[in-house]
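Visitor: Mind looking over this structure? Questions follow.
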Amino acid sequence: MKLSQVVRSLHALMAITLMCIVTGAYYQQYVRHETPCPLCLLQRLAMIGASVGVLMNLRFGIRMRYTAFTLLSALFGGVVAGRQICLHICPGFPVFGYPVFGLSLYTWSFIAFFCTVVGVMILLFLYMPDQGLKQPLNWFEKFAFFMVMLLTLANVVTTFIECGMGPCIDLPWPQPPS
Amino acid sequence: MMAGLFLIFLIVQILIIAGKNKQAFMLAILNVILCIGMFLHHATDILKIRL
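Here the protein sequences line up with chains C and B, keeping their order. Residue 896 in this note's numbering sits at position 29 of the first sequence, and the numbers go up by one each step. Residue 733 in this note's numbering sits at position 10 of the second sequence, and the numbers go up by one each step.
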C-alpha cells in the first residue's frame, strides 16, 4: 500500500473517530437525558470543523491550509473544553453532567481535541508532495463523508429543536458555597 | 443562532462535494470566526451583544 493511500485512510479514520465521539454525545443527550449546554454545542461544532478540514484534504488533495483548518478547529475545541473544565474544577462545584468512565464529557472532549492535534502532527510528519494531487474517493473515504454530513444534519435539527432561532440558554448550575 | 453555525458547516460540506474548494474554505473560515464570536459571547465579557 502506498504511503499516500495510508495517509488518506488515516485522514478518513480521524474524521470517523470524531464523528463517533459526536454520536456518543447524542447517546448522552437522548438516552441519559443530558441536554447539551452552549459550550457543549461549541465543542460539537469544533469536532465537525476538524472533520471538515479532513474532508477538504480528501476531496481536493492534501494541502497545508486544510490541515491548518483542522488544527484551528481542534485548538478552538480544546480552548472551549478547557474553559468548561475550569468552570467546574473549583472545590465545591459539582461536575456538570454524568461522568463517563470517571471523567466528565468535557474532560473527554479536551482529551479528544488534544489527540486530534497529535494526529495532525503525525499526518504532517507523513506528508509528501504527491499527496497534494486530487484522487478519487474510495469506499472508506466516502463513508467518512457520509458520517460527517449525517451528524452535521442531525446537529442542525436537534440544535434547532433545543434552541430555536435564538441563542441557546445557559443551563443553570449550582452557585459556589458562601 | 447555534443551529445556524451547524447549518453553515453543512453548506460547506455540500460545497466540498460540489468541488468548490475556494468557496468552501472561505465559508469554513468565516464559520470558525463566528464560532469564536459565539464562544466569546457566552464565556466572557469581551463580546456582549444582544442576540
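A virtual CB, placed ideally from N, CA and C, is assigned to each residue, including glycine. No experiment lies behind these values; they were computed from the predicted model shown.
#1: C/T1026 and B/A766 look like a contact to me (Cβ under 8 Å); what is the Cβ gap, rounded to whole Å?
#2: How far does the alpha helix (DSSP H) with C/V873 in it extend, from its first residue to its last?
#3: If you draw a straight line from the C-alpha of C/E1029 to the C-alpha of C/G944, how long is it?
#4: Run through DSSP, which three-state label would C/L993 get?
#5: Run down chain C in chain order and give the residues with a C-beta less than 8 Å from the C-beta of B/Q736.
#6: State the Cα-Cα distance for the pair B/I731 and C/L870, rounded to the nearest angstrom.
#7: I believe C/V1015 touches C/S876 by the beta-carbon criterion, under 8 Å. Please report the beta-carbon distance rounded to the nearest angstrom.
#8: Thinking C-alpha only, which one of C/F960, C/P958, C/I956 and C/V947 is nearest C/P905?
#9: For B/M725, decide whether its Cβ has a neighbour in chain C, counting only Cβ atoms nearer than 7 Å.
#10: Just to confirm the assignment, what range does the alpha helix (DSSP H) spanning C/V921 have?
#11: Would you say B/L730 reaches chain C, if we count a Cβ-Cβ gap shorter than 7 Å as a contact?
#12: I need the straight-line Cα distance from B/I759 to B/N744, nearest angstrom please.
#13: Can you find a C-beta in chain B that's less than 7 Å from the C-beta of C/M908?
#14: Give, in chain order, every residue of the region 750-766 of chain B whose Cβ lies closer than 9 Å to some Cβ of chain C.
#15: Excluding the five sequence neighbours on either side, which residues of its own chain have a C-beta within less than 8 Å of the C-beta of C/L993, listed in chain order?
#16: Considering only the alpha carbon of each residue, which of C/C1035, C/P1034 and C/V1023 lies closest to B/I734?
Guide: Judging by the given coordinates:
#1: Not really, about 18 Å apart at Cβ, beyond 8 Å.
#2: L870 to Y897
#3: 21 Å
#4: coil
#5: V919, L922, F1012, V1015, M1016 and T1019
#6: 33 Å
#7: Not quite, the Cβ-Cβ distance comes to about 16 Å (not below 8 Å), so this is no contact.
#8: C/V947
#9: yes
#10: P905 to F927
#11: yes
#12: 23 Å
#13: Per the sequence presented here, residue 908 of chain C reads as Leu, with Met not at that position. At least one chain B Cβ lies under 7 Å of C/L908.
#14: A751, I752, N754, V755, C758, I759, M761, F762, H764, H765 and A766
#15: L870, V873, V874 and L877
#16: C/V1023
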